[in-house]
Each structure stands twice: as structure tokens, then as C-alpha cells.
Amino acid sequence: MNISAEIWQAFVVCVAAIFTQNILLSYFLGLCPFIGVSREIKAAFGLGAAVIFVMVSTCMLNWLAYRYVLLPLNLHFFRFILFIVIIAAFVQFVEMVIDRFSPRLYQTLGVFLPLITVNCAILGASLFMVIRNYTFIVAVGYGLGSGIGWFVAIVAMAGIRQKLKNDRIPPGLQGAGITLIITGLMALAFIGFTGVLQGG
Amino acid sequence: MAQEILVAVLIVSLTSAALATLLAVSERFLSDYGQCRVLLNDEKEITVQGGKTLLSVLSDNKIFIPSACGGRGTCGLCKLKVQEGAGLLLPTEEPYLNQQERDSGVRLSCQVKVRNDLKIQIPEELFNIREFTCKCAEITDLTHDIKQFRFELVEPDKIDYIPGQYIQLLTPVYEKSSEEVYRAYSVSGDPADKNHIELIIRYVPGGICTTYCFKYLKVGDEVRFNGPYGQFRLTDTDSPVVFIAGGSGMAPIKCILHHMKNNGIKRTAVYYFGAKKVKDMFMQDLMKKFQDELPDFKFIPAVSSPDPDEKWDGQKGLVTEVVKRDLKNAAQHEAYLCGSPGLVDAAEKVLVELGLTEDKIFYDKFA
Ligand SMILES: Cc1cc2nc3c(=O)[nH]c(=O)nc-3n(C[C@H](O)[C@H](O)[C@H](O)COP(=O)(O)OP(=O)(O)OC[C@H]3O[C@@H](n4cnc5c(N)ncnc54)[C@H](O)[C@@H]3O)c2cc1C
Ligand code: FES
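Protein sequence lines correspond, in order, to chains U and L. If you count by my numbering, then the first sequence holds residues 11 to 210, one letter each, in order. If you count by my numbering, then the second sequence holds residues 1407 to 1773, one letter each, in order.
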């Protein structure tokens, strides 16, 4: 495959990962922080941005580790452990760097980094990308799309929840309950995007 | 096959080791903020190694700030005024600070990192908080998941606290926990006995500190704690008192009852204590004794769902329902609540319904 075709495919995969195959709304990965941090748009924005960044970077790192370490040694079944270790180390490293060099960035993005070390959407994206045999460029597109998809979902949810703040919600459904129901409705809405794209 | 396993293990270990080294090295260079000076209350200056949180830096210097959640940013007790050098307010602090506090520079000391020189204000009374070393003298079973722990103070060998206050027990590094943590426990013993403290602790499955106390701590072991902390205490008015507690919430109330007896306090008092089953009840005899010895004190235990084979002829129902039934009008009272956040919130609601204003309700939530 030549480069321009690959970039085109990366673009298609990226858009598909945002809309039709949203990692949160169609695979329900990364729900914990999604429910926990979607109370305010500001925090949701920070966390979402951190997820995009970490997802793209770890997809690259994990792709390289998979292609050049695990595959040659025939150790593909070790990808779970290796991916988790790489993600955890990378997140810690980035947190330290940001903490040191940019207090402002740390305030908006850095504090959220420890929250996403254990975000299963991050690991999920890395695993999907190797299962689907993406090339490097396509994998980057996929990581970017998945991150943006997660970002869009959490920011939208935070917006809805801010609006809900003054509404009377039955006591049993307050908090996580109503959030899950809204997530379900959002997921249904996103299914509407199927057919827009035949990719991914 | 064997070779494959070996290679696999080797590769994974090597990668992990490489990444760990990378992190250790970068931590060394990136998180090294050099020596920083912290000026306390415009008078005392301490020099510390930068990079740690303000809370831990202060505790390294034997200045103990209340931190019931152990620095996880969930209790909001570690507030301090930072006049200079704290940097930007973090999203993790926002929920605990109101506008007035933000304007005057109040921060959560467990979230603020020491990166440069700081100027801070610490309430004078916190300087009186000390670290104590003690020996576990006695462990008594109260129910299937509540025990009483008695500690003999070694260094210093005396403690002065206001009945109702709590201490922070240090859980050392042990099998189930790789770092030292502090947890808050209200003092339950007789305040006249200055050489001992007693705690009443309920086991939280999987909890770091309670697992240590229940499964590892033995009589004779050395333990450390710091304190005393907290504003929960009996006022010196004459209003009738209503105590409401459940489970280990017994602790500070028991301490206050000792105090009332020791000092001949004659206030009218009633104590509603809730448990789920009869087997969760404890110290009933002691409470009866207080009932006999204090001039005007009544103990009303309530069991919410006794098992069919348990004999119980006392009050039945949730403790909050019993309060509502029994007290009827609380407008003149002062209320002291202790236990899980659920219990405290529910009791507060009932008391407000019974005519009590919120400024007359005092509580410690065990969260
Ligand atoms: C002012 C104050 C006074 C307190 N006094 C007492 C006291 O006198 N006696 C006493 O037994 N406790 C008391 N507590 C509670 C105590 O400080 C600890 O929170 C509790 O013992 C759990 O500690 P842990 O390390 O075992 O659990 P952790 O390792 O901190 O927690 C393990 C898990 O259990 C949950 N959890 C934490 N606390 C509780 C709880 N109380 N009930 C149910 N789940 C919980 C946590 O969310 C976590 O998921 C007090 C708390 C405060 C703030
Ligand atoms: S120690 Fe609990 S919020 Fe800081």
C-alpha cells in the first residue's frame, strides 16, 4: 500500500472511531472515569484532552513494541502485560515532565494523568489496533480517533449533566444511575452514524 | 516449551526493568526541586527537600495537620493558608474551598507540592499536636466486627485531649500495604486516665488500617499516632443533649460520658444508639452504669432488624425512626452525632424536622 492510500485509510479509521465505533459508546470502555469526572465541563475537558494525548502516544509506543519486540520473538500473547506496563510508565513519565515544566498545563491536564493509567479504553485501543492488524500510520489514526471519540462523549455528557443539575431526578437514579441511562441514550444516538461511513 | 517460557519471562522482566530504570532516573532529575524554604507564621523557617507535598513535608518536620483521608484529597481537613508560592489552584482542591477561602489563599496541603520557597500560616493550636509512641496493652472483642484497643503511652507518656477529639493512628508498612498511612480514630476511653488511650474500631473489609489492627496488631506491639485533632466536643451550655450514634460512633460519645461523670456535669442527656442486629450491640452494661451514675441520663438502644431467634425487648427500628418517635420535639436540644456519613445525614434530617436548627447540631462523620 502506498503512503497516500494509507493516510486515507487512517483518516477513515479515525472518523469511524469517533462516530460509528466510538470506544466509549459502542464498546463501553473507560466508563469509570467517564462517570466519575463528567460532573463539570471543565474537568471533563481536561480529562478528555489527557485521554487523546495518551491514547495517540501509547498506540504508537505499543505498536512499535508489538511489531519489533513481541512479533519477532513470537510472544504476541504477552501483549496485555507489556502494553499495561508501557502505558503506566509512559503516563508517569509525562506527568513528571509536565509537573516540572509547565504548572499551567499541569493544572489543566497533568492532574488527570494518574486517573487514566488504569483507563481500560487506553489499553482497549492498543489491543484493537493489533488485533485488526493496522499499519503504523493507520494505528495512529485509530488512536487519535478513539481519543477524540472518548473526549466528545465525556464533554457531551458533562454538558448534559450540568443542565440536569437543577432537575428533579428520582433519588434512586441520582448520580451514576442517571448517567448510565444517558450514556445508553447517547450510544443509541451514535448508532445513527452507522452508514455514514463504511470503514474501520 | 520451557525455552519459550524463559524467553517470555526474560523479555517482560527486561522491559519492565528498563522502564522502571527510566522512571527512576527521570524522577531523580525531574522531581529534584532542590532545597526549599518554608516560612511558618512569619517566624519560624524550615528548610526542606522540594518535590513532596506540603502535608508530608510538614509532617516530616513534626508539624501535624489534620488529614483524615491520609492525603488522598477526599476529606478537605488539611486546609492551610498559603500566602506565597503555592502555584495555581488545582481542580482536585476546588470542591473543598469556597470563594472566601480561595480569595484568602487557603489550599489543601496534601495537594500543594513544594517546588519553591513558601510562606504559610498554621493555626497556633496545631503546634500543640504531637507524635506519640505507645504500646498495645489490650484488645477486646465487642462484636463480631468491632474491637476495643487500649494503648499505653510510652513517649510522651501523657496526653491531654478534649473529649470528642480524635487521633491519627499510623499504619506501618506491612504485607497488605506498601506505604505508611494515617487513619483517624476518635478517642473512646476515660480522659482522666492520661497515660492510656482507648479506641473503638470497626473492621472495614479490605481496609488498610483496620485490617492491620484486626489481623496483625498484637498486644505488646509498638504503635505510633499523632493528635489530638478535631472540633467535636461538648459545649458548655445547659441545653439538654441528644447523642445519636451507631457502630464505632460509640467512641467519642463514650468519652464525653466519662467526662460528664468526672466533672459532675448535670445536663439532661439522652443517647440513642443504633445497631442492625442484637449481636451488633455492645457496652450496654456500661451505658446502664452511666445511667445510674449520671443524674439525668438515659440510654436508648435501638435494633433495626433483629434475627427471628434473637431476643430483643428494647426499641425496634432504625435509630432515626426511634428518635423521631421518642423525642418528638428537639427545639431546645443540642445534638451530637457520630458514625457513618449515611447515619449522620439521616439523623440531621430528622432533627431538623423535630425543630432543631443546624447550628445546634455537631457531628463527626467517619468517612
Ligand atoms: C474524624 C473521624 C473519626 C473517626 N473515628 C473512627 C472511630 O472512632 N472508629 C472507627 O472504626 N472509624 C473511625 N473513623 C474512620 C476511620 O478513619 C477509617 O476511615 C476506617 O477505619 C477505614 O480505614 P481503613 O484504612 O481500614 O480503610 P481504607 O483502606 O481507607 O478503605 C478501604 C475501603 O473501604 C472504604 N471505607 C473507608 N472507610 C469506611 C467506613 N468507615 N465504612 C465503610 N467503608 C469504608 C473506602 O472507601 C475504601 O474503598 C473516623 C474517621 C474520621 C474522619
Ligand atoms: S488530607 Fe484529606 S484532603 Fe488533604
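Glycine included, every Cβ here is placed at the ideal spot set by N, Cα and C.
Scanning chain L for C-beta atoms nearer than 8 Å to the C-beta of R114/U yields L1494, reported in chain order. Counting along the chain, I192/U sits inside no beta strand (DSSP E); it lies in the alpha helix (DSSP H) bounded by residues A186 to I201.
According to the DSSP assignment, K1525/L belongs to no alpha helix (DSSP H) but to the beta strand (DSSP E) extending over L1524 to Q1527.
Assigned with DSSP and collapsed to three states, S1746/L falls in coil, not helix or strand. Beta-bridge pairing by DSSP links Q1554/L to T1546/L and I1606/L. Under the three-state reduction of DSSP output, S1711/L falls in the coil class, being neither helix nor strand. Around the beta carbon of L1733/L, 16 or more other beta carbons lie within 10 angstroms, which makes this residue buried.
Under a 10 Å Cβ-count criterion, L1724/L is classified as buried, with 16 or more other Cβ atoms of the shown protein chains found around its own Cβ.
For A1753/L, not one C-beta of chain U is nearer than 9 Å to its own C-beta. Contact note: T1498/L reaches chain U through V121, using a C-beta cutoff of 7 Å and chain order. For W1718/L, the closest of V1684/L, R1521/L and K1541/L by C-alpha to C-alpha distance is V1684/L. If you check each beta-carbon in the segment 1729-1761 of chain L against every beta-carbon of chain U, none falls closer than 7 Å.
Around V128/U, no beta-carbon contact reaches into chain L at under 8 Å, the shortest distance being about 15 Å. Legend: CB atoms of the segment 1693-1720 of chain L lying less than 7 Å from CB atoms of chain U are not found in any residue.
In this structure, ligand 2 has a non-hydrogen atom nearer than 8 Å to the beta-carbon of G1479/L.
For I1535/L, the secondary structure class from DSSP, reduced to helix, strand or coil, is coil. Within the segment 126-172 of chain U, no beta strand (DSSP E) run of at least 3 residues lies entirely inside it. The C-alpha of I1606/L lies about 14 Å from the C-alpha of L1623/L. The DSSP-derived three-state label of L115/U is helix. Cα atoms of D1566/L and K1519/L: separation of roughly 32 Å, rounded to the nearest angstrom.
Residues of the segment 1426-1444 of chain L with a C-beta atom less than 8 Å from some C-beta of chain U are A1426, L1428, L1429, S1432, E1433, L1436 and S1437, listed in chain order. When distances are taken from the beta-carbon of Y1742/L to the heavy atoms of ligand 1, even the shortest one reaches 8 Å or more. Contact check for D1644/L and R1673/L: beta-carbon distance about 6 Å, within the 8 Å limit, so the pair qualifies. Closer than 8 Å to some heavy atom of ligand 2: that does not describe the Cβ of S1462/L. When the five nearest sequence neighbours on each side are left out, the beta carbons in the same chain lying within less than 6 Å of the beta carbon of G58/U are those of F161, I164 and V165, in order along the chain. Of all alpha-carbon atoms in I1767/L, L1700/L and P1707/L, the one lying nearest the alpha-carbon of Q1690/L is that of P1707/L. Using a Cβ-Cβ cut-off of 8 Å, R110/U is close to L1436 and S1437 of chain L, given in chain order. Taking every protein chain shown into account, the CB of V23/U has 16 or more other CB atoms within 10 angstroms, so this residue is buried. In the assembly as shown, H1739/L is a buried residue. Its beta-carbon has 16 or more other beta-carbons within 10 Å. Assignment of K1450/L by DSSP, reduced to helix, strand and coil, places it in the strand class. In terms of CA proximity to H1550/L, A1681/L leads the group G1745/L, D1698/L and A1681/L. Following the DSSP letters along the chain, one finds G58/U inside the alpha helix (DSSP H) bounded by residues I51 to A75. L34/U has its alpha-carbon roughly 7 Å from the corresponding atom of L41/U.
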